[in-house]
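S.K.:
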Amino acid sequence: MLTRTLGTQGLTVSALGLGCMGMSDFYGQRDDAESAATIHHAVERGITFFDTADMYGPHTNETLVGQALAGVRHNVVIATKFGILRAPANPAVRGVCGRPDYVRSACEASLKRLGVETIDLYYQHRVDPQVPIEETVGAMAELVRMGKVRFLGLSEVSPATLRRAHAVHPISAVQSEYSLWTRDPEEGLLQTCRELGVGFVPYSPLGRGFLTGQIRRFEDFEPGDYRRNSPRFQGENFQKNLDLVARLQGMASARGCTASQLALAWVLGQGGDLAPIPGTKRRDRLDENLGALEQVLCPGELQELSGLFPPGAAAGTRYPEAMMHMVNR
97 MLTRTLGTQG
107 LTVSALGLGC
117 MGMSDFYGQR
127 DDAESAATIH
137 HAVERGITFF
147 DTADMYGPHT
157 NETLVGQALA
167 GVRHNVVIAT
177 KFGILRAPAN
187 PAVRGVCGRP
197 DYVRSACEAS
207 LKRLGVETID
217 LYYQHRVDPQ
227 VPIEETVGAM
237 AELVRMGKVR
247 FLGLSEVSPA
257 TLRRAHAVHP
267 ISAVQSEYSL
277 WTRDPEEGLL
287 QTCRELGVGF
297 VPYSPLGRGF
307 LTGQIRRFED
317 FEPGDYRRNS
327 PRFQGENFQK
337 NLDLVARLQG
347 MASARGCTAS
357 QLALAWVLGQ
367 GGDLAPIPGT
377 KRRDRLDENL
387 GALEQVLCPG
397 ELQELSGLFP
407 PGAAAGTRYP
417 EAMMHMVNR
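With the numbering used here applied, the sequence shown corresponds to residues 97 to 425, in that order.
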């Protein structure tokens, strides 16, 4: 397995990680047995980078990941996140919190659910506009000094916020949605990460599964699937985005790979300081995703793919309006 280093503090991870969110939430029914088997299979295939968060479930995903990785704890990097509030009794309601006291209590709870003594990479999931980033990161830095966290990260932040946070304590990784059809990070965030020496972790590099080409109709989403409420999968947007995917599938077919592999190869080709975390809860999809590592694209091919999906080409925003206010802060 190829490895990549995130940040200047020495955090080394597999070039392709595994996003575990969908194993417990948002994307249809759960199958904990298959999800655990997928995590074990990922370890066998050389993946060392596993991503979860306290709000996935809520809370249950950390337990699943921690139990599945218990036997190989010292050989893997576990990343988790705090900051989005969801009550188990009413998980549809969202809030954010970056208060220092909450940072500390959230960390203790995650440590317990994961069954570990130290979290390898601890992200603030969303910025709390009511709390200065310096205060939140200051509390996170204290966790590092206490040995409860090894490296710090931020998710969905603006370049300005990243600069302020990095001045308090080195940030090793920024996580944001990034794929052929979500190019927001190219508007200054990637450049700022590179200027500061911060690694970048693209989540949803397969466009929440849409870039796989496996989703053909709105009805392919199970009842309760989060994507039923996403603007990109609504009305006319669905067909417009399906037309984009058809172009990707055509290129993939000509190359002898799948659309998923080509889409991931494009993300991997954006720089050696990126470590994408495509999510899946199935072993066969995991193997397919790993095939992207064999698809090394030349500059011309990268440019051609970028041209197929120019910034802004995807129809619809990536989140509903209320949630869009929580990103790029």
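The beta-carbon is built from N, C-alpha and C at its ideal position, and this holds for glycine as well.
Just to confirm, are T148 and C193 a CB contact at a threshold of 9 Å?
M.R.: Contact: no.
S.K.: In the DSSP output, what is S110 paired with across the bridge?
M.R.: According to DSSP, S110 bridges with T99.
S.K.: Which partner residues does Y218 have in the DSSP bridge list?
M.R.: DSSP, once it has assigned bridges, lists T176, L248 as partnering Y218.
S.K.: Once the 5 residues before and after S272 are set aside, which same chain residues still bring their CB inside 6 Å of it?
M.R.: Cβ neighbours of S272 beyond the five flanking positions: E252, P281.
S.K.: When the Cα of H170 is compared with those of T214, L160, G118, which residue comes out closest?
M.R.: Checking every option, the nearest Cα to that of H170 belongs to T214.
S.K.: Across the stretch 334-354 and the stretch 135-155, are there enough close Cβ pairs to call them in contact, namely three or more that are closer than 8 Å?
M.R.: No contact exists between the stretch 334-354 and the stretch 135-155.
S.K.: From which residue to which residue does the beta strand (DSSP E) around A269 run?
M.R.: Counting along the chain, the beta strand (DSSP E) containing A269 begins and ends at 269-273.
S.K.: Among M419, L386, F306, K377, which residue has its Cα nearest to the Cα of E130?
M.R.: The shortest Cα separation from E130 among M419, L386, F306, K377 belongs to K377.
S.K.: Consult DSSP for Y415 and reduce its assignment to one of helix, strand or coil.
M.R.: Residue state, collapsed to three classes: coil.
S.K.: Could you check what DSSP says for D380 in three-state terms: helix, strand or coil?
M.R.: D380: helix per DSSP, three-state reduction.
S.K.: Could you check the C-alpha separation between L210 and E204 for me, to the nearest Å?
M.R.: Spanning the two alpha carbons is a distance of roughly 10 Å.
S.K.: Check whether the Cβ atoms of R381 and A133 lie closer than 9 Å to each other.
M.R.: Their beta carbons are not under 9 Å apart, which means R381 does not touch A133 by this criterion.
S.K.: Go ahead and pull the three-state DSSP assignment for D190.
M.R.: The sequence given here has Arg at residue 190, not Asp. In the structure shown, R190 sits in a strand (DSSP, three-state: E or B).
S.K.: Would the beta-carbon of L358 fall within 9 Å of that of R141?
M.R.: Contact: no.
S.K.: Report buried or exposed for A418, applying the criterion of at least 16 other Cβ atoms within 10 angstroms of its Cβ.
M.R.: Its Cβ having fewer than 16 others within 10 Å, A418 is exposed.
S.K.: Pull the bridge partners of P298 from the DSSP assignment, please.
M.R.: DSSP lists S272 as partners of P298.
S.K.: Ordered along the chain, which non-local residues of its own chain (more than five positions away) have a Cβ less than 6 Å from that of F122?
M.R.: Excluding sequence neighbours, F122 sits near Y322.
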